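Student: Protein chains in written order, with my numbering: chain Z, 1 to 224; chain H, 1001 to 1224. Quick reminder that beta carbons are idealized off the backbone N, C-alpha and C, glycines included. Keep in mind the model is a prediction, meaning the values are calculated, not measured.
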DNA sequence: CGACCATTTGATATGGATCAAGCGATGTGG
DNA sequence: CCACATCGCTTGATCCATATCAAATGGTCG
């Protein structure tokens, strides 16, 4: 069972193993897992907590972040449906994680999966592959900090378009404040950047969360 | 044998396997490796090149980075003696790497180590562990971007002090320009930040590369 | 010794932060 | 069902930290 903190926010009863489109955890279909729902802004785990579970986003979205003394948060990554996160090799988390919006996560016991990986080289390989994928993602995130504000936002939209496998319209799962926290900018600057990209005919802001990509390649060029 | 590009810069003949303090690669002492020396600024590999080797720094230091269209480089990580880098799960590199100063690297064939990991669960585990360690490092790097210049530099010094296992004097392996590229600042701002930290009695800049940490905890506090 | 390059310091410019106000969507209570 | 409170987003005005431009200093190597 999950720790108290996880259950604290539960709004639907845990169900036994992968329902519908949750999919197996890391392909380890023989391992039991269960789903928990988290309301918006619910904490999933905190920095330096014991890492008891690995997580897979079934739906909704999750942010991981570091909190600074000043209270400011640097968001390290967003996780969307299909993503696995919280893959700690050591016992404790080095980031905090919480739900951006109402989200369902598939949890699996870390100890069980690590034990499985000891015997099943396929499972071991998947652990490595997933961790490496997250590493690449964070490396790409760092690249954005070499760019000015508008270009960072362009890069962010490109990333989201790819990860949400959007056609030409992206449904952003997070608020401006979260985008700002991810890009190291303020809400105001993010908002102005959207406006600027709109004036460049690169996007149309249909609603604040729904962005029409009118010129995807312009966005790629800007953020390159 | 390494690709032409690697040999291009070789200044000492490759030797068979771990000499002196090079240590085994990932503990896989049964695997052959060889050492190559790279002069300052020599390219080790480029973005999108085939990843034929994994690397361990024997001595010297290495930077990995992404180059932007503008020509600007965002340094993603520094690697110092003992660090392993270039652990790609897929066939190609997603970063460029080059030697910061004259450096000796232990190379091992990716295919050989991956094949070993298929059978030796200990090797597989080490691959995962090392990749996860690099992930944590990059996550910590991102955290710095939430801080103002002086605090970023403080955080950088703390990181270097830890990784170079320094007592109270750090010998920085890289120039100001590289620090700037790592922190998303300009050389001038980095230089001024050193001066400011000196005025705060946190450090003494003995030479530009040799930093005396007069108040380590002040540095930690600043960057927290 | 002298040239070169890295670093530091100084003066000014500017992109993004901050402060402040308005706007629009959403939900709530009368 | 509408009036109004709330919250997230946008826009505007001003400020400031860092970039840029420029020059002086200092260390290194031929």
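How many angstroms separate the CA atom of residue 1063 of chain H from the CA atom of residue 1056 of chain H?
Tutor: Near 13 Å, if we compare the C-alpha coordinates of residue 1056 of chain H and residue 1063 of chain H.
Student: So, does the CB of residue 1069 of chain H fall closer than 8 Å to a CB anywhere in chain Z?
Tutor: For residue 1069 of chain H, the answer is yes, since a Cβ of chain Z falls inside 8 Å of its Cβ.
Student: Just the C-alpha distance for residue 1121 of chain H and residue 222 of chain Z, rounded to the nearest angstrom, thanks.
Tutor: Between residue 1121 of chain H and residue 222 of chain Z, the C-alpha separation is close to 44 Å.
Student: Using the Cα positions of residue 1184 of chain H and residue 32 of chain Z, report the straight-line distance between them to the nearest angstrom.
Tutor: Taking the straight line joining both Cα atoms gives about 44 Å.
Student: Give me the chain Z residues within the contact set of residue 1097 of chain H, using Cβ-Cβ distance strictly less than 7 Å, ordered along the chain.
Tutor: Near residue 1097 of chain H there are no residues of chain Z at all, since even the closest Cβ is about 12 Å away, more than 7 Å.
Student: Evaluate residue 34 of chain Z with the Cβ neighbour count: other Cβ atoms within 10 Å of its Cβ, from every protein chain shown; 16 or more gives buried, anything less gives exposed.
Tutor: Per the 10 Å Cβ criterion, buried.
Student: For residue 161 of chain Z and residue 169 of chain Z, I'd like the C-alpha separation in whole angstroms.
Tutor: Distance between the alpha carbons of residue 161 of chain Z and residue 169 of chain Z: 8 Å.
Student: Among Z/141, Z/198, Z/110 and Z/217, which has the Cα closest to the Cα of residue 93 of chain Z?
Tutor: Nearest of Z/141, Z/198, Z/110 and Z/217 to residue 93 of chain Z, Cα basis: Z/110.
Student: Compare the C-beta of residue 1224 of chain H against all C-beta atoms of chain Z and say whether one is closer than 8 Å.
Tutor: Yes, because at least one Cβ of chain Z sits closer than 8 Å to the Cβ of residue 1224 of chain H.
Student: Using DSSP with H/G/I as helix, E/B as strand and the rest coil, what is residue 63 of chain Z?
Tutor: Strand at residue 63 of chain Z.
Student: Residues in the same chain with beta-carbon distance under 8 Å from residue 1210 of chain H, minus the five sequence neighbours each way, listed in chain order, please.
Tutor: Hits under 8 Å: 1169, 1170, 1171 and 1172.
Student: Residue 1069 of chain H: buried (16+ other C-beta within 10 angstroms of its C-beta) or exposed?
Tutor: Counting Cβ neighbours within 10 Å, residue 1069 of chain H comes out exposed, since fewer than 16 surround it.
Student: What distance in whole Å lies between the Cβ atoms of residue 1103 of chain H and residue 1059 of chain H, which are believed to be in contact at a cut-off of 8 Å?
Tutor: Contact flag correct, Cβ pair sits at about 6 Å.
Student: From residue 119 of chain Z to residue 105 of chain Z, what does the alpha carbon distance come to, in whole angstroms?
Tutor: If I take the Cα positions, the gap works out to 26 Å.
Student: Are the C-beta of residue 184 of chain Z and some C-beta of chain H separated by less than 8 Å?
Tutor: Yes, contact with chain H.
Student: In three-state terms, what does DSSP make of residue 1109 of chain H?
Tutor: In the structure shown, residue 1109 of chain H sits in a strand (DSSP, three-state: E or B).
Student: Taking only beta carbons into account, state which residues of the stretch 1042–1053 of chain H come closer than 7 Å to chain Z, listed in chain order.
Tutor: From the stretch 1042–1053 of chain H, no residue has a Cβ closer than 7 Å to chain Z.
Student: Starting from residue 87 of chain Z, find everything on chain H with Cβ-Cβ shorter than 8 Å and list it in chain order.
Tutor: Those within 8 Å of residue 87 of chain Z in chain H are 1132.
Student: Give me the Cα-Cα distance between residue 207 of chain Z and residue 165 of chain Z, rounded to the nearest whole angstrom.
Tutor: Approximately 19 Å between the Cα atoms of the pair.
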